[in-house]
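Q: Protein chains in written order, with our numbering: chain A, 1 to 337; chain B, 1001 to 1058. Have a look at this one.
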Amino acid sequence: MDPLKRLIELPGPSGDEWRVRDFIKKEISPHVDEVYKDKFGNLIAHCKGKGAKVMLVAHMDEIGLMVRNIEPTGISCSEIGGFEPVSLLGETVEVEAKGKFITGIITTKEMANDEPIKKAVKMSDLIIDTGFSKEELLKQGVEIGSYIHVHSRITTLRNGKLLVGKALDDRIGCYVLLEVAKRLKKRGSDIYYVFTVQEEIGLYGGETSVYGLEPDWAIAIDTTSTDDFSDQATRKIGHGPCLTIKDADMITNRCINDWFKAVAKKNNIPLQLDISDFGTTDALTISVSKGGIPCTVAGVAIRNIHTTVGIVSLHDIQYLIQLLEELLKQPAKKCIP
Amino acid sequence: MKKTKDILQCTICSTELKVPFCCKKEMRVQDSAFICMLCNSEQDIPICCEKTMVVVNA
Chain A
1 MDPLKRLIEL PGPSGDEWRV RDFIKKEISP HVDEVYKDKF GNLIAHCKGK GAKVMLVAHM
61 DEIGLMVRNI EPTGISCSEI GGFEPVSLLG ETVEVEAKGK FITGIITTKE MANDEPIKKA
121 VKMSDLIIDT GFSKEELLKQ GVEIGSYIHV HSRITTLRNG KLLVGKALDD RIGCYVLLEV
181 AKRLKKRGSD IYYVFTVQEE IGLYGGETSV YGLEPDWAIA IDTTSTDDFS DQATRKIGHG
241 PCLTIKDADM ITNRCINDWF KAVAKKNNIP LQLDISDFGT TDALTISVSK GGIPCTVAGV
301 AIRNIHTTVG IVSLHDIQYL IQLLEELLKQ PAKKCIP
Chain B
1001 MKKTKDILQC TICSTELKVP FCCKKEMRVQ DSAFICMLCN SEQDIPICCE KTMVVVNA
């Protein structure tokens, strides 16, 4: 199966990324010199080479749900990361129960009783109906803290040019790193491909990984939200990869950004410049670690980000892979701001 | 991408407040109080409708 679709299908909420890590390890191993897992759970693949030590980062975890309590009416849940609650209504989920999975449907008291929903749905309103009683759920091994996985349903739009699915944030980044590693094999650059854990709940994996690697500079490959349903859109689906200049919490490194822009121009790759006031990435914690690591963010824009029906352009992904390949096919220079 | 806009919300009347800032960063809830991850200063979580407000993603 296509590695991108496989990556999107795999469940991997923050703290439970092992399935994604195992898949990436198998896929990337033939293309790098060494692969290992650090103490925090990040997967690090190193392609030895010359020049500046470059770190490419993507996070393996996705937003998810966890059992908060098992109540007589069903399972209440706590969000891992930032789901939009209304987007979860009617979704099918799998609740972990001692290695098995119990299927459930996300509903609310109003929806279950066919009453009008008068207020905005909050996470605390959601109930998972498994058809089992509280006692039956406990007996089968569901407990407080069990992970709840939202069903994957990959589809395409616009004659296959747009992909729809869950966990696009940031399995797309993981896929981009895999493809770049394949293309840059034995090209001479010294690159660490770092697949981090627990980004969605606090940017933790990126922060801890830097201490063992001490890169000269880094690029976080992550997704950003589109704004193409507004009048003055700057992040449109299908208009090329995005280079973040500023997000909610950081200003990215100008030196790396200038290289990016120059490479895009030289190779006629469309590039969108991203200024956003909402959300941030592993680049934030990386950039303020170990005395400061020059860092930027590149990625693709996604519609319905942080829902189970994200939409991404496959062309944007391919352009991003090409851009990174062109940027890193020669041993990298040091980045001096 | 990690969602960043947290708000304080009353579970009874849905009143919303901004999460307090310290050292130019949003404070985090720890041990029933807001704590600054940079300078460790603490601040009480506001009460509304006689209940402690909760932090939710806006």
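Cβ coordinates follow ideal geometry from the N, Cα and C atoms, glycine included.
(1) Could you run through the region 200-229 of chain A and flag, in chain order, every residue whose CB is less than 9 angstroms away from some CB of chain B?
(2) On the three-state DSSP scale, how would you describe T208 (chain A)?
(3) Output needed in chain order: residues of the region 261-286 of chain A with a Cβ under 7 angstroms from some Cβ in chain B.
(4) Taking contact to mean 3 or more Cβ pairs, one atom from each stretch, closer than 8 angstroms, check whether the region 177-189 of chain A and the region 40-54 of chain A are in contact.
(5) In the DSSP assignment, the alpha helix (DSSP H) including V67 (chain A) goes from what residue to what residue?
(6) Among B:V1019, B:E1042 and B:L1038, which has the Cα closest to the Cα of Q1030 (chain B)?
(7) Shortest alpha-carbon distance to L273 (chain A) belongs to which of A:S287, A:D282 and A:N257?
(8) Along the chain, where does the alpha helix (DSSP H) that runs through F229 (chain A) open and close?
(9) Please name the residue, chosen from A:I128, A:N113, A:H31 and A:M60, that lies closest to G354 (chain A) on a Cα-to-Cα basis.
(10) What does the alpha-carbon distance come out to for the pair V142 (chain A) and V95 (chain A)?
(11) What is the DSSP secondary structure of F132 (chain A), counted as helix, strand or coil?
(12) For the region 229-244 of chain A against the region 77-91 of chain A, are there 3 or more C-beta pairs whose distance is under 8 angstroms?
(13) What residues in the region 6-18 of chain A have a beta carbon less than 9 angstroms from any beta carbon of chain B?
(14) Are there 16 or more other CB atoms within 10 angstroms of the CB of C335 (chain A), so buried, or fewer, so exposed?
(15) Among the residues of its own chain, which have a CB less than 7 angstroms from the CB of L126 (chain A), if the five just before and after it don't count?
(16) Taking just the CA atoms, how far does K333 (chain A) sit from L163 (chain A)?
(17) Are three or more beta carbon pairs between the region 163-178 of chain A and the region 206-221 of chain A nearer than 8 angstroms?
(18) Check this for me: beta carbons of G64 (chain A) and P13 (chain A), under 8 angstroms apart or not?
(19) If we require 3 or more residues per run, which beta strand (DSSP E) segments fall completely within the region 280-328 of chain A?
(20) Kindly indicate which residue of A:L168, A:D216 and A:G160 has the alpha-carbon position closest to the one of M55 (chain A).
(21) Closer than 6 angstroms by C-beta to K185 (chain A): which residues in its own chain qualify, once you throw out the five before and the five after it? Chain order, please.
(22) Closer than 7 angstroms, Cβ to any Cβ of chain B: which residues of the region 296-312 of chain A, in chain order?
(23) Can you pull the chain A residues whose beta carbon is under 8 angstroms from the beta carbon of T1004 (chain B), in chain order?
(24) Going along the chain, which residues of the region 145-176 of chain A sit with their C-beta nearer than 9 angstroms to a C-beta in chain B?
(25) Report the three-state DSSP secondary structure of P30 (chain A) (helix, strand or coil).
(26) Under a CB-based cut-off of 8 angstroms, is K122 (chain A) close to chain B?
(27) Closer than 8 angstroms by C-beta to A248 (chain A): which residues in its own chain qualify, once you throw out the five before and the five after it? Chain order, please.
(28) Should A264 (chain A) go down as buried or exposed, given a rule of 16 or more other Cβ atoms within 10 Å for buried?
(29) Would you list the residues sitting across from Q272 (chain A) in a DSSP beta bridge?
(30) Counting beta carbon pairs with one atom in the region 113-126 of chain A and one in the region 153-170 of chain A, are three or more of them shorter than 8 angstroms?
A: The answer reads as follows:
(1) E200, I201, G202, L203, D222, T223, T224 and S225
(2) helix
(3) F278, G279, T280 and T281
(4) yes
(5) No alpha helix (DSSP H) contains V67 (chain A), which is instead part of the beta strand (DSSP E) from G64 to E71.
(6) B:E1042
(7) A:N257
(8) F229 (chain A) -> no alpha helix (DSSP H), and no H or E assigned at all.
(9) As displayed, chain A neither begins before 1 nor continues past 337, which places residue 354 (chain A) out of reach and without an answer.
(10) 7 angstroms
(11) coil
(12) no
(13) none
(14) buried
(15) C77, P85, L88, I106 and T108
(16) 35 angstroms
(17) yes
(18) yes
(19) 295-299 and 310-313
(20) A:D216
(21) H31
(22) I305 and H306
(23) A248, D249, F278, G279 and T280
(24) D169 and D170
(25) helix
(26) yes
(27) S276, D277, F278, G279 and T280
(28) buried
(29) A:C242
(30) no
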